[in-house]
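A short write-up of the structure that comes next.
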Amino acid sequence: MQLPTFALLAFASVGLARESIHMLNCGNSRTSYQAINYYSDDSNDGFYPGDSNTCVANGGFHEGTSSSCKFGSGVTFSWNLQGGANSASKGTRVGTGNNGFHSFNCFRDDNHRLYTDGHGNSCDTIYVCFDGVSLENSHMAVKRKAHYIC
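So for the sequence shown, the working numbering puts the first residue at 1; every next one is plus one.
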């Protein structure tokens, strides 16, 4: 029995329903900033998640050091990116994070456009962090997501 494409995509997306943090480069020809977005269900990313689930990383995403950013909700996300994280290939684990509720594994993403904010700034995802206990499952989610986005 052959399943319709919709059914296959729906089945595949079940494994993607997990919390995620996207670390983004946002900007246009006049301005730029780095933002962090929280999604309670990563399969619903691709849009601005609202002020309570966003923070601006004023210090940027420095490699080899720890940093943090406080969301509008009051939750703080802390991360540590390894040296060379920005030049790592897509899907490579480049660090860890924690929001006080869960630990996250962070991976180099492919710079795809996640959304355009209300001021005309394009926001492209540099790193994506997934909650969960299994590093292997997080890594596979990055690969599956990239496959279904393309």
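All C-beta atoms, glycine included, are put in the ideal place defined by N, C-alpha and C.
- About 21 Å separates the Cβ atoms of N111 and T96, ruling out a contact at the 8 Å cut-off.
- For H22, the uninterrupted beta strand (DSSP E) segment begins and ends at S20 to G27.
- In the displayed model, A35 falls within a strand according to three-state DSSP.
- When the Cα atoms are used, G27 and N121 turn out to be separated by approximately 4 Å.
- In the DSSP assignment, F130 falls within the unbroken beta strand (DSSP E) covering S122 to D131.
- The beta carbon of G72 lies closer than 6 Å to those of D51 and S52 in the same chain, with the five residues before and after it left out.
- The beta carbon of H102 sits closer than 7 Å to those of E19 and D131, all from its chain and outside the five residues before and after it, given in chain order.
- Taking 8 Å as the upper bound for CB-CB distance, D45 and H62 are not in contact here, some 24 Å apart.
- Your pair V75 and G100 checks out as a contact, with CB atoms roughly 6 Å apart and the cut at 8 Å.
- For F77, the pairing in a beta bridge is given by DSSP as C69.
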